[in-house]
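Numbering (full-length UniProt numbering), first residue to last: 1 to 421.
Think of the CB as a built atom: it goes at the ideal place given N, C-alpha and C, for glycine as much as any other residue.
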């Protein structure tokens with residue numbers, strides 16, 4: 001009788017499990033173009049797997065990192081999520097996510113998986129010889145220019161565009177329009193507060209660094225740091241008053257016809273956002289993209305650091321959920337050309353980079369040239385806190401009249417304390 005009862009319970013459990021839906025949630029950052037194609041992929045996937053139900057939720061890019069962190073701390077994280085790699089990396093080192101399920105995606109080994117991608121682009125999610133994420137995008141920045149504003153001040157955008165940081169400041173002074181101390185149009189402004197992405201390569205170009213060869217955070221070559229901090233001080237409200245972290249993000253203003261920004265730094269996706277938000281400007285021929293600047297006396301030709309958004313899967317999800325999550329991720333990412341042409345995202349798959357679609361995409365050559373001279377932002381489990389310390393240092397110089405020397409010393413002390421903690 002006991003055996004019969006146990007068998008009945010097992011049979012009921014099997015029936016229930018087969019009848020139950022596998023629930024998958026995806027949390028990602030807002031992008032209307034990407035939402036359109038990913039929701040299409042999700043519908044197709046659910047038709048292929050009727051027992052799977054997928055809910056995709058988007059958040060503003062500047063808020064999602066805190067939302068994900070809070071959810072994981074409460075044990076209520078999504079099945080799938082993506083963040084900039086500097087914020088996602090601690091989830092790998094703290095074992096909050098699972099490795100890529102090779103069986104689910106139909107790949108025999110991690111070596112085979114790596115060979116599908118541009119060399120080095122999976123290194124950021126490789127930990128202990130296993131791969132913990134698949135790249136939605138790898139992003140580097142170049143310089144976007146509104147030609148019309150150049151012409152208005154007598155500059156030929158095709159010849160006079162800034163090639164060095166010194167050029168950038170000189171040209172920005174010509175392009176900037178003020179009402180007293182209030183800037184009405186910025187010639188250019190930086191992409192605050194992404195200091196790991198744009199500030200560190202400016203330091204590296206001069207022979208400085210924040211990480212040693214073993215990956216330990218340490219300030220190398222103080223003079224390189226001080227020169228860049230002096231530049232930022234001169235850029236800010238207490239210097240030549242060319243820009244500030246307090247203004248609306250330059251990349252958001254660039255697409256508009258409101259005469260508030262002439263140049264910005266952004267990724268390839270900016271092109272399709274211009275097309276979406278301001279088709280008249282897109283079709284006008286009055287914009288262009290050029291390589292990211294370098295110092296006149298640079299000792300190292302590195303360009304803007306690139307970063308990635310990698311889809312990852314929550315360790316707390318059940319085994320069936322994790323398996324289906326990787327199947328869904330692999331299915332969505334099996335459309336790299338559509339991610340490029342519809343969203344402007346570069347999936348670093350060799351098949352895409354070698355395709356005619358990529359070669360023909362507007363200004364893809366510029367981004368590829370810079371990408372070949374760039375490297376991934378340095379990764380450390382305390383990257384979020386390190387970037388906050390960089391923010392405090394740079395903005396103390398720009399906004400609070402702290403000297404570059406004192407700002408750098410304060411940064412060193414706080415960095416040492418952070419690492420001790």
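With distances taken between CA atoms, residue 268 lies nearest to 340 out of 312, 33, 340.
DSSP places residue 349 within a strand segment (E or B) once states are collapsed to three. Comparing alpha carbon positions, the residue from 394, 357, 336 closest to residue 117 is 336.
Assigned with DSSP and collapsed to three states, residue 184 falls in strand. Setting aside the 5 residues that flank it on each side, residue 203 is surrounded in the same chain by 224, 225, 228, each with a C-beta closer than 6 Å to its C-beta; the list follows chain order.
Inter-residue distance for residue 360 and residue 127 is about 35 Å (C-alpha atoms, whole angstroms). With contacts defined as CB atoms closer than 7 Å, residue 97 and residue 393 fail to qualify as a contacting pair. Residue state for residue 78 is assigned as coil, using DSSP reduced to three classes. By the Cβ criterion, the region 50-68 is not in contact with the region 342-359, since fewer than three pairs of Cβ atoms, one from each stretch, lie closer than 8 Å. In this chain, the beta strand (DSSP E) harbouring residue 146 covers 142-146. Annotation: the continuous beta strand (DSSP E) that includes residue 57 extends over 52-59.
Looking at 153, 110, 26, the one whose alpha-carbon comes closest to that of residue 187 is 153. Distance check between residue 388 and each of 108, 375, 410 places 410 closest, using alpha-carbon atoms only. In the DSSP annotation of this structure, residue 205 is not part of any beta strand (DSSP E); the continuous alpha helix (DSSP H) holding it starts and ends at 195-205.
Rounded to the nearest angstrom, the Cβ distance from residue 147 to residue 287 is 6 Å, consistent with a contact under 8 Å. If you draw a straight line from the Cα of residue 342 to the Cα of residue 74, it comes to about 36 Å. Between residue 206 and residue 397, the alpha-carbon positions lie close to 19 Å from each other. Cβ atoms of residue 333 and residue 122 stay farther apart than 8 Å, at about 13 Å.
Pairing residue 101 with residue 151, the inter-Cα distance amounts to about 54 Å.
Under DSSP, residue 314 shares a beta bridge with 97. Take the alpha-carbon of residue 209 and the one of residue 319: they are about 42 Å apart. According to the DSSP assignment, residue 250 belongs to the alpha helix (DSSP H) that extends over 250-254.
A straight line joining the alpha-carbon of residue 302 with that of residue 197 spans about 12 Å. Residue state for residue 303 is assigned as coil, using DSSP reduced to three classes. Per DSSP, reduced to three states, the secondary structure at residue 179 is strand. Under DSSP, residue 22 takes part in a beta bridge, and its partners are 52.
Taking C-beta separations shorter than 8 Å and ignoring five residues to either side along the sequence, the partners of residue 46 in its chain run 52, 53, 54, following chain order. Beta-bridge partners assigned by DSSP to residue 150: none are found. Inclusion of residue 306 and residue 57 in the CB contact set at 7 Å is not warranted, their separation being larger than that value. Considered as a whole, the region 207-262 harbours 209-211, 217-220 as its complete beta strand (DSSP E) runs of no fewer than 3 residues, in chain order. Assignment of residue 287 by DSSP, reduced to helix, strand and coil, places it in the strand class.
In terms of Cβ geometry, residue 293 and residue 168 form a close pair [threshold 7 Å]. Between residue 144 and residue 304 a beta carbon distance of about 13 Å is seen, past the 8 Å cut, so the two are scored as non-contacting.
When only Cα atoms are considered, residue 300 and residue 369 end up about 15 Å apart. In the assembly as shown, residue 416 is an exposed residue. Its beta-carbon has fewer than 16 other beta-carbons within 10 Å. Residue 176 counts as buried, since no fewer than 16 other beta carbons sit within 10 angstroms of its beta carbon.
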